[in-house]
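Novice:
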Amino acid sequence: ELLKSQSSNSDLALEMERIKKLNEEMEISTVEIFEENIELKRRNDELSDAMKRSEKQAQQSQLEIRKLNELIKAMKEQCEGSSTHMETVKARKSEEGCSATTSKTVRLVTAELPTSSGKCSESSSEESTHKNTITYQCMCIMSEHYCGRLTLTEVHQELMKFIGSFNFGKPSLAMVINCFMAASAKQASSPSEFGHLLASFLNKQLEEKDSKGHAEILRGVADYCHEIVELKLWTETATIWEIVAEVIFRAVFPLDDSFEGTRPSLVQFTDAFIEASKDERRPYTLFVQLLKRVAERYYLLEPEDYRDLCPLMMENCQEIVNIMDRNKLDEALKNTKMEYAENLYVIMRKPTK
């Protein structure tokens, strides 16, 4: 009996040892399962975040598509209007022969410009249609740039394809930049993108030592300012001068690392300021709005010294100021209210001693 009892105890001890090993293995398995659960949770969180980002991108894409569809619809309406107008001109020419007439042709955005003859009207209408098309194409190219599908270099290459193209009426570089500025007014939510692109275009011409191309780009900006005044584009976009000012401001002053290279100076846009000054409703609005943005920038960067920096900026623009009526300019500065000063005049003008 004693031997049987000892044998039974030995078996029991072995069984307990086996159970102990099983428990240890189960503990190890439990830890591994716990770690796997943590990893699965992490992956699920990443997947959830990715899905949220995808949904957001999808919503943004849908919004872009909706905007582009609206633009396409507007372009079709403009083209239909242009076609109808050309038919009217042809009918008049048939009735009146080769006598001089006064007609109207569709301008860049929506208005009409007076012309002196049926032949001139037809030519202007065709040019206006080409400009509308280029403007629309510029907006599409910029949308691709916003979405990250086109780099700065690729945007430059795409815009250069318009120059001399028969399909677009063989436009000059100045006309393409004119359309580029018109596109900026339509996509006013992102003037910074147009600003650093404008700077990159100018820098590209400097790198290639193309002084003529550099001058044409600046001429294109000035031409657009001329169109704003002549066609009274502020009736369609009330803040159009503020938009143009922001584009030039972002071209001259780098606010981020979106573009590296030589930046233009404000003085290089003198012709644009001259054309803009012809808006008799608000003398020197473009120049004043740009000075306002400069003052705001200096205030953010140097809140203690900005009152000394702003008059220096005004002195650097003396070449522009000299062509302006001082009394009208000072009045415009005084009428421009600032958050941290009484008006822009007290910031930009040095106090007389």
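47 is the number that our numbering gives to position 47 of the sequence shown; each next residue is one higher, with no gaps. Yeah, the Cβ is synthetic: ideal placement off N, Cα and C, and Gly gets one too. Computed from a predicted structure; not experimentally measured.
Looking at glutamate 275 and histidine 226, is the spacing between their C-beta atoms short of 8 Å?
Specialist: By 1-based counting over the sequence shown, the position of residue 226 is 226. By 1-based counting over the sequence shown, the position of residue 275 is 275. Result yes, Cβ atoms of histidine 226 and glutamate 275 sit closer than 8 Å.
Novice: Would you please state the rounded distance, in angstroms, between the beta carbons of serine 134 and cysteine 179? I believe it to be under 8 Å.
Specialist: Here the question's residue 134 lines up with position 134 in the sequence shown. Here the question's residue 179 lines up with position 179 in the sequence shown. A quick correction: the sequence has isoleucine, not serine, at residue 134. 4 Å between Cβ atoms; contact.
Novice: Kindly provide the ranges of any alpha helix (DSSP H) runs that are 4 or more residues long and lie completely inside the region 227 to 270, ordered along the chain.
Specialist: If we require 4 residues or more, the alpha helix (DSSP H) runs fully inside the region 227 to 270 come out as 240 to 252.
Novice: Just to confirm, is the Cβ distance from isoleucine 163 to valine 176 under 8 Å?
Specialist: Within the sequence shown, numbered from 1, the residue matching residue 163 stands at position 163. Within the sequence shown, numbered from 1, the residue matching residue 176 stands at position 176. Their beta carbons are under 8 Å apart, which means isoleucine 163 touches valine 176 by this criterion.
Novice: Would histidine 214 pass as a contact of proline 171 if the rule is Cβ separation under 8 Å?
Specialist: Reading the sequence shown from its first residue, position 214 is the one you call residue 214. Reading the sequence shown from its first residue, position 171 is the one you call residue 171. In this structure, proline 171 does not lie closer than 8 Å to histidine 214 by Cβ.
Novice: Rounded to whole angstroms, how far is the Cβ of leucine 355 from the Cβ of phenylalanine 273, which I believe are closer than 8 Å?
Specialist: With the chain running from 1 to 353 in the structure shown, residue 355 is simply not present.
Novice: Taking the continuous alpha helix (DSSP H) assigned at aspartate 305, which residues delimit it?
Specialist: Working through the sequence shown from its first residue, we reach residue 305 at position 305. Run containing aspartate 305: none; DSSP gives neither H nor E here.
Novice: Would you decide whether cysteine 138 is buried or exposed? Buried here means 16 or more other CB atoms lie within 10 Å of its CB.
Specialist: Here residue 138 corresponds to residue number 138 of the sequence shown, with the count starting at 1. With 16 or more other Cβ atoms within 10 Å, it is buried.
Novice: Look at the alpha carbon of aspartate 305 and the alpha carbon of tyrosine 298, and state the distance between them as a whole number of angstroms.
Specialist: Within the sequence shown, numbered from 1, the residue matching residue 305 stands at position 305. Within the sequence shown, numbered from 1, the residue matching residue 298 stands at position 298. Computed Cα separation, rounded: 8 Å.
Novice: Under a three-way DSSP split, which group does alanine 139 fall into?
Specialist: Position 139 of the sequence shown, counted from the first residue, corresponds to residue 139. Sequence inspection shows methionine at residue 139; the alanine mentioned does not correspond to that position. DSSP places methionine 139 in helix when its eight states are reduced to three.
Novice: What's the gap between the Cα of lysine 194 and the Cα of serine 265?
Specialist: Numbered from its first residue, the sequence shown carries residue 194 at position 194. Numbered from its first residue, the sequence shown carries residue 265 at position 265. Looking at the sequence itself, residue 194 is phenylalanine, so the reference to lysine does not match. Between phenylalanine 194 and serine 265, the C-alpha separation is close to 16 Å.
Novice: Taking the alpha-carbon positions, what's the leucine 3 to glutamate 17 distance?
Specialist: The residue given as residue 3 occupies position 3 in the sequence shown. The residue given as residue 17 occupies position 17 in the sequence shown. Answer to the nearest angstrom: the Cα atoms are 21 Å apart.
Novice: Determine the DSSP secondary structure at methionine 314, reduced to helix, strand or coil.
Specialist: Sequence index remark: in the sequence shown, residue 314 carries index 314 (1-based). If DSSP states are grouped into helix, strand and coil, methionine 314 belongs with the helices.
Novice: Give the list of continuous beta strand (DSSP E) stretches no shorter than 3 residues that lie fully inside the region 271 to 305.
Specialist: If we require 3 residues or more, the region 271 to 305 turns out to have no beta strand (DSSP E) run fully inside it.
Novice: Keeping to the same chain, check which residues put their C-beta closer than 6 Å to that of glycine 261; ignore five residues upstream and five downstream.
Specialist: For the purposes of this step, residue 261 is taken as the residue at position 261 of the sequence shown. Excluding residues within five positions, the ones whose Cβ falls inside 6 Å are Asn203.
Novice: Check arginine 219 in the structure and name its three-state DSSP category.
Specialist: In the sequence shown, counting from the first residue as 1, residue 219 sits at position 219. It is helical.
Novice: Is lysine 20 buried or exposed, if buried means 16 or more other CB atoms sit within 10 Å of its CB?
Specialist: Start at 1 with the first residue of the sequence shown, and residue 20 comes out as number 20. Flag for lysine 20 reads exposed.
Novice: The alpha helix (DSSP H) that contains phenylalanine 180, what's its start and end?
Specialist: As a first step, residue 180 must be located in the sequence shown, where it is residue number 180. Looking at the DSSP string, the run of the alpha helix (DSSP H) that includes phenylalanine 180 is 173 to 186.
Novice: Exposed or buried, what is arginine 250 when buried is set at 16 or more other beta-carbons lying within 10 Å of its beta-carbon?
Specialist: For this step, residue 250 is matched to residue 250 along the sequence shown. Result: buried.
Novice: Alpha carbons only, please: which of Ser200, Arg282 and Glu230 is nearest the one belonging to valine 247?
Specialist: Taking the sequence shown and counting its residues from 1, one reaches residue 247 at position 247. Of the listed residues, the one whose Cα sits closest to valine 247 is Ser200.
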